[in-house]
Amino acid sequence: MSGNHERRAVEQAGPGERGEQVAPAQARRLWHLLEPLHAVLYYAPEAFEEARALGYPTEERWGSYFPFRAAPLGPVSTEAVVSAFYSFQPGMVARYVEDAWKVAGPEAVLAARRRGVDRQYRTLFGDLVDSPELAEAAALARRAAEAAGTAGRPLAAANAALEWPCEPHLQLWQAATVLREHRGDGHLAALLLAGLDPAESLVSFAAIGAAPGERFASRGWTREEWAAASERLTARGLLEADGTATEAGRDLRRRVERDTDRMALGPWQTLGPESTERLAVLLGDYWVAVLGSGLLPSENTLGIGKV
9 MSGNHERRAV EQAGPGERGE QVAPAQARRL WHLLEPLHAV LYYAPEAFEE
59 ARALGYPTEE RWGSYFPFRA APLGPVSTEA VVSAFYSFQP GMVARYVEDA
109 WKVAGPEAVL AARRRGVDRQ YRTLFGDLVD SPELAEAAAL ARRAAEAAGT
159 AGRPLAAANA ALEWPCEPHL QLWQAATVLR EHRGDGHLAA LLLAGLDPAE
209 SLVSFAAIGA APGERFASRG WTREEWAAAS ERLTARGLLE ADGTATEAGR
259 DLRRRVERDT DRMALGPWQT LGPESTERLA VLLGDYWVAV LGSGLLPSEN
309 TLGIGKV
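The sequence shown finishes on residue 315 if you use the numbering used here, and the numbering steps up by one all the way, no holes.
Here you go:
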């Protein structure tokens with residue numbers, strides 16, 4: 009079977025074990041568990057050290073975030089990263105990406121981020137890095153990641169094309185990354201379907217209480233751009249005058265989340281409910297270790313724990 013036919017077969021795969029279906033809520037739970045395991049790269053001192061050694065600024069996390077996350081795409085243009093990252097203000101992306109590949113090529117960045125993950129996971133997990141439970145979790149997560157359809161999902165496709173590392177803890181991180189980018193790419197499709205442009209996607213999310221408005225300032229939008237997006241949403245009947253969501257605005261955001269969950273189900277349906285639940289149980293200790301490290305912010309712009 010050719011690679012394309014193989015991929016189509018995976019994308020069209022139905023229920024997993026014994027024909028049972030994975031519920032959207034179960035897939036969302038796995039996202040909540042896997043997201044911190046992926047995102048800790050962007051906050052860990054070990055990763056900053058690796059980025060600094062390449063020549064990237066690390067006074068704030070964005071200097072390493074953009075090259076680390078964009079490197080799987082190759083030496084692409086700023087415009088390509090703006091498109092793939094969607095909700096970041098284009099000027100902010102340009103500031104960090106325009107010269108990124110002059111500092112270090114994508115292959116060097118990928119090697120550095122893998123070294124950073126290796127070091128940080130060993131720091132965070134200690135002896136658990138070599139545990140049979142982590143190896144089992146990595147194998148299950150990899151199965152799900154390899155079942156993720158990547159058509160129309162550029163960040164998922166780019167990460168899925170990378171060579172798998174041998175070590176289980178690095179396989180776990182790579183699988184978490186493929187799965188979170190698979191979900192994220194689908195989320196952007198849901199936003200487009202809802203008619204929410206990049207700035208509006210954040211304003212409407214803040215309006216339903218996903219995070220305080222000031223937390224979204226990290227995405228680089230100016231006050232004027234934020235206000236203009238608010239005006240557009242108000243004109244559509246999605247925002248009240250005080251900036252909170254109307255019922256129509258809440259309905260629209262609920263639809264975005266439902267569509268995102270639905271489009272993220274494929275890998276988990278292939279894995280099946282029993283193995284998906286087993287992975288959730290196995291991830292508990294590692295999720296606790298990451299959150300307990302204090303590296304991740306207590307509030308996030310993804311709405312985890314609130315939406």
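For each residue, glycine too, the CB sits at the ideal point set by N, CA and C.
Is residue i helix, strand or coil by DSSP?
i: LEU247; result: strand
i: ALA253; result: strand
i: VAL125; result: helix
i: LEU199; result: helix
i: THR284; result: helix
i: GLY302; result: coil
i: ALA146; result: helix
i: TYR51; result: coil
i: THR278; result: helix
i: VAL84; result: coil
i: SER139; result: coil
i: TRP229; result: coil
i: GLN29; result: coil
i: THR158; result: coil
i: TRP234; result: helix
i: ASP205; result: coil
i: GLU307; result: coil
i: ALA170; result: Checking the sequence shown, residue 170 turns out to be Leu, not Ala. DSSP places LEU170 in coil when its eight states are reduced to three.
i: TYR73; result: helix
Can you say whether residue i is buried or exposed, counting buried as having 16 or more other CB atoms within 10 angstroms of its CB?
i: ARG262; result: exposed
i: LEU299; result: exposed
i: THR268; result: buried
i: THR252; result: exposed
i: ASP107; result: exposed
i: GLY217; result: exposed
i: PRO53; result: exposed
i: GLU58; result: buried
i: GLY280; result: buried
Can we count residue i as close to the ligand FAD, meaning its CB is less than 6 Å from some heavy atom?
i: GLN179; result: The ligand FAD is absent from the structure shown, which contains no ligands of any kind.
Problem set entry | the segment 112 to 121 / the segment 149 to 163 touching (three or more Cβ pairs under 8 Å) | Using a C-beta cut-off of 8 Å, the segment 112 to 121 makes no contact with the segment 149 to 163, since fewer than three inter-stretch Cβ pairs fall below that distance.
Problem set entry | Inter-stretch contact (C-beta, 8 Å, three-pair minimum) for the segment 206 to 218 and the segment 92 to 105 | Yes: at least three Cβ pairs fall under 8 Å.
For this session: Say whether the segment 39 to 59 touches the segment 289 to 299, bearing in mind that this needs 3 or more beta-carbon pairs closer than 8 Å, one atom from each stretch.
Result: With the cut-off at 8 Å, the segment 39 to 59 and the segment 289 to 299 touch.
Exercise. Would you call the segment 181 to 199 and the segment 231 to 241 in contact, with 3 or more CB pairs under 8 Å?
Worked result: By the Cβ rule, the segment 181 to 199 does not count as touching the segment 231 to 241, because fewer than three pairs are nearer than 8 Å.
Problem set entry | Length at least 4, wholly inside the segment 75 to 120: the alpha helix (DSSP H) runs in chain order | Qualifying alpha helix (DSSP H) stretches, in chain order: 86 to 93, 98 to 105, 108 to 111.
For this session: Inspect the CB distances between the segment 126 to 136 and the segment 265 to 284 and report whether three or more fall short of 8 Å.
Result: Cβ pair count under 8 Å is below three, so no.
Exercise. Per the contact definition of three or more C-beta pairs closer than 8 Å, is the segment 151 to 163 in contact with the segment 79 to 95?
Worked result: As far as the Cβ criterion goes, the segment 79 to 95 touches the segment 151 to 163, which means the pair count is three or higher.
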